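Scroll down for the structure; my scribbles are underneath it.
Numbering (the working numbering), first residue to last: 1475 to 1581.
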């Protein structure tokens, strides 16, 4: 018996890691070992990162707007600064690649 294999084409981020857990690791562990399997990991930052999960989806445009405003306030000034500083490099890479795929990890 063998578990799933997952190809990762870029730097693994916490969101991708969570998706791999949900879509592959947990179902494979349950299938091969049983519902009470123990999943072990090291303390890599993406393994221990906290993702914000909303309990329910917005059901109206007003609720969505409120959710977006709350989330926007949570973005740190440092994160915004980094995004703004890297934008010219990203735009140039997209132009150079004529709108094709850009490996953002190399920018």
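A virtual CB, placed ideally from N, CA and C, is assigned to each residue, including glycine.
Note that this is a predicted model, so its numbers are computed, not measured.
Buried versus exposed, by CB contacts within 10 Å (16 or more), residue 1491:
Taking the first residue of the chain shown as 1, we reach residue 1491 at position 17. Buried: at least 16 other Cβ atoms inside 10 Å.
Can you tell me whether DSSP reads residue 1533 as helix, strand or coil?
Here the question's residue 1533 lines up with position 59 in the chain shown. It is coil, neither helix nor strand.
With H, G and I counted as helix, E and B as strand and the rest as coil, what does DSSP make of residue 1486?
Here residue 1486 refers to the residue found at position 12 when the chain shown is read from its first residue. Under the three-state reduction of DSSP, residue 1486 is assigned to coil, being neither helix nor strand.
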